[in-house]
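Chemist: Numbering (this note's numbering), first residue to last: 862 to 1344. Where is the CB? At the ideal position from N, CA and C, for every residue including glycine. Bear in mind the structure is a predicted one, so any value in this text is a computation, not a measurement.
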RNA sequence: GGCGGGGUAGCAAAAUGGUUAUGCAGCGGAUUGCAAAUCCGUCUAUAGCGGUUCGAUUCCGCUCCCCGCCUCCA
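Here it is as structure tokens:
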């Protein structure tokens, strides 16, 4: 039985879907005014992992991850760049998709953009107004009356009194209560026409929170299973979503709330002011994408994750061990379940290399059972990965083809280990030497060894090592990998 | 100030009321012309103080320290 830590109840709970065998999951995605950073990478990888695990567990999953393509920062950035909102957002949406492909992220089933759901948002705001939860303020904004909603604060564990006590200096902006939030922002003169939609309350644009409520219920229904996002979205964003959705629909919105921990850099919060902000593309220039994915999955999704070169190098070494095992004992095609059953990928999935729709894993083996138990325990990927290492040891120890096949197929459920081992081990940053040069050096070394000229063979090996190439002799011959 | 999450060996990171986590690094051995890889063995833990218990790293309390949210933020 899968257990999920639910922020709403602050407990691990058995996962019982609203509809048997179906999972409907909504994750807050990116605001597209810049390149995705490592924090985004973690959200993408973590929920991709969950998505894969639901599928591997036999659920029918509908995964929605939205794109916020209208908001203050976008308008500001477009203004600075002197370009249209649409051009700006499309550019960063494309960049985001590129980053995702790099990280082996399966495309969500739906990727709705806020600007395409303005009608649904307006309908929802109207409903809130009818239900007495929304009001038109003097300044033209439509606000949510937080005090009219019973249970405001139930997700973040805050009470309105506490919030009021810790309230920051607030200019009066037409809200009847400082804690009220905007559903619909009236159009400003200095804003481009592009961001002005007609509405019963005058021209304007949606507030930030309403888009998720509207798109969630449109695509997944008024009541669905899982809603995820970064830990910081818990409040106010997700709290406000609950207020909107439950206020409008008068029923439970989401059963399980999942929040992933933050990424830190060298033990400091990643922020633009500290200048320690890393975009995904920057990191991918330096590290193999699978190493980054492995690095993220190696920590539990709810814990903090500290990014540093040392940790990435560590992750690289660990992943190298797994691939080395797979290189030593190649998975025989007839045993390679992960690839032999990949003939029916969904349209989405087929775009991602290494993804397999049909995992025909024998869950009755001890390793698979341990793996499953770990994953079922609130997606305990560190524990699941430990099982992978035990399998690698078995592969190396008893040359087990079965263990190798299992290693690869279990890896697939995490989106790992699906590449040709050689390609992984020899990939990465191009050194000064071409593959042909490396092979020539290896041939020269073998020749030297044959005449027992070890001084020469060792010299060649050392030279290659200095160029980042590690040689490995075995009975089958000499192979190389990048250090 | 309010709410929440943590402090595990050199580093990273799980788990657990009594029994090897795991990876990297270290040490010893096997293997190797020597290495690398691999295998075997091995050393470093549970912030501090109390309490519960036959027994606590694990449960409870207190102290110290770290972090997050309360403001846009993944």
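Grab me the residues of residue 1240's own chain with a C-beta within less than 7 Å of its C-beta, minus the 5 sequence neighbours each way, in chain order.
Modeler: 910, 911, 914, 1162.
Chemist: Thinking just about the alpha-carbon of each residue, which of 1310, 1300, 1190, 1234 is nearest to the one in residue 1259?
Modeler: The option with the nearest alpha carbon to residue 1259 is 1190.
Chemist: Quick one: give me the first and last residue of the alpha helix (DSSP H) that residue 913 is part of.
Modeler: Element bounds for residue 913: 899-917.
Chemist: Give the DSSP-derived three-state secondary structure of residue 1342 in the structure shown.
Modeler: Strand, per DSSP.
Chemist: Would residue 1096 and residue 1068 be called neighbours here (beta carbons separated by less than 8 Å)?
Modeler: Going by C-beta atoms, residue 1096 is not nearer than 8 Å to residue 1068.
Chemist: Hey, how far is the Cα of residue 1004 from the Cα of residue 1047?
Modeler: The straight-line gap from Cα to Cα measures roughly 11 Å.
Chemist: Taking only three categories from DSSP, how would you classify residue 1131?
Modeler: DSSP places residue 1131 in coil when its eight states are reduced to three.
Chemist: Can you tell me whether residue 1168 is buried or exposed? The criterion is at least 16 other CB atoms within 10 Å of its CB, across all chains shown.
Modeler: Residue 1168 comes out buried.
Chemist: Could you tell me if residue 1322 is buried or exposed, where buried requires 16 or more neighbouring beta carbons within 10 angstroms of its beta carbon?
Modeler: Residue 1322 comes out buried.
Chemist: With DSSP as the reference, identify every bridge partner of residue 874, one or two as the case may be.
Modeler: According to DSSP, which records beta bridges pairwise, residue 874 is partnered with 865.
Chemist: Does the distance from the C-beta atom of residue 903 to that of residue 1124 stay below 8 Å?
Modeler: Contact: yes.
Chemist: Whose C-beta lies closer than 8 Å to the C-beta of residue 938 among residues of the same chain, with five residues either side of it excluded?
Modeler: The answer, listed in chain order, is 894, 895, 949.
Chemist: Fully enclosed by the stretch 971-1009, which alpha helix (DSSP H) runs are 4 residues long or longer?
Modeler: With a minimum length of 4 residues, the continuous alpha helix (DSSP H) runs that stay inside the stretch 971-1009 are 979-991.
Chemist: Closest to residue 877 by CA distance: which of 908, 905, 994, 920 is it?
Modeler: Closest by alpha carbon: 920.
Chemist: Checking 8 Å against the spacing of the C-beta atoms, do residue 1077 and residue 887 come in under that value?
Modeler: Yes, they are a contact pair.
Chemist: The alpha helix (DSSP H) with residue 1145 in it runs from where to where?
Modeler: It spans 1141-1147 - the alpha helix (DSSP H) in which residue 1145 sits, taken as one unbroken run.
Chemist: Going by alpha carbons, who is nearest to residue 1310 out of 1326, 1339, 1135, 1296?
Modeler: Answer by Cα proximity: 1339.
Chemist: Helix, strand or coil for residue 1091, going by three-state DSSP, please let me know.
Modeler: Looking at residue 1091 - three-state DSSP - the assignment turns out to be strand.
Chemist: Which one or two residues does DSSP pair with residue 1238 in a beta bridge?
Modeler: Note: residue 1238 sits in a beta bridge opposite 864.
Chemist: With H, G and I counted as helix, E and B as strand and the rest as coil, what does DSSP make of residue 1052?
Modeler: Note: residue 1052 maps to coil in three-state DSSP.
Chemist: Nearest-angstrom Cα distance between residue 1232 and residue 941?
Modeler: Near 50 Å, if we compare the C-alpha coordinates of residue 941 and residue 1232.
Chemist: Count Cβ pairs between the stretch 863-873 and the stretch 1104-1122 that sit closer than 8 Å; are there 3 or more?
Modeler: As far as the Cβ criterion goes, the stretch 863-873 touches the stretch 1104-1122, which means the pair count is three or higher.
Chemist: Along the chain, where does the beta strand (DSSP E) containing residue 1121 start, and where does it finish?
Modeler: Its beta strand (DSSP E) spans residues 1115-1121.
Chemist: If you drop the 5 nearest sequence neighbours on each side, which residues of the same chain put their C-beta closer than 6 Å to that of residue 1264?
Modeler: Excluding residues within five positions, the ones whose Cβ falls inside 6 Å are 1252, 1255, 1256.
Chemist: Under 8 Å by Cβ, that's how I've got residue 898 and residue 1141 pegged, so tell me the actual separation to the nearest angstrom.
Modeler: With 8 Å as the limit, residue 898 and residue 1141 qualify as a contact, their Cβ atoms being about 7 Å apart.
Chemist: Where residue 994 and residue 1237 are concerned, what is the direct C-alpha to C-alpha distance, given to the nearest angstrom?
Modeler: Rounded to whole angstroms, residue 994 to residue 1237 spans 39 Å at the Cα level.
Chemist: What do you reckon, are the CB atoms on residue 1131 and residue 900 nearer than 8 Å?
Modeler: Contact: yes.
Chemist: Tell me the rounded alpha-carbon separation between residue 1341 and residue 1331.
Modeler: Residue 1341 and residue 1331: Cα-Cα distance of roughly 6 Å.
Chemist: Short check: CB of residue 1126 to CB of residue 1139, under 8 Å?
Modeler: Result yes, Cβ atoms of residue 1126 and residue 1139 sit closer than 8 Å.
Chemist: Drop a sphere of 10 angstroms on the beta-carbon of residue 891, count the other beta-carbons inside from all chains shown, and report buried for 16 or more, exposed for fewer.
Modeler: Buried, by the Cβ-count rule.
Chemist: Please report how far the alpha carbon of residue 1171 lies from the alpha carbon of residue 1294, in whole angstroms.
Modeler: Roughly 25 Å between the two C-alpha positions.
Chemist: Looking at the structure shown, is residue 1257 part of a helix, part of a strand, or coil, going by DSSP?
Modeler: Residue state, collapsed to three classes: helix.
Chemist: So, are the CB atoms of residue 1121 and residue 1160 less than 8 Å apart?
Modeler: Cβ distance not < 8 Å, so residue 1121 and residue 1160 don't count as in contact.
Chemist: Take every Cβ of the stretch 1267-1282, pair it with every Cβ of the stretch 1303-1320, and state whether three or more of those distances are shorter than 8 Å.
Modeler: With a cut-off of 8 Å, the stretch 1303-1320 and the stretch 1267-1282 do not count as touching, because too few Cβ pairs lie within range.
Chemist: Once you ignore the five residues that flank residue 923 on each side, which residues in its own chain have a CB closer than 8 Å to its CB?
Modeler: 883, 884, 885, 886, 970, 971, 1080, 1081.
Chemist: Compute the Euclidean distance between the alpha carbons of residue 1100 and residue 1044, then round it to the nearest angstrom.
Modeler: Their backbone Cα atoms lie some 14 Å apart in a straight line.
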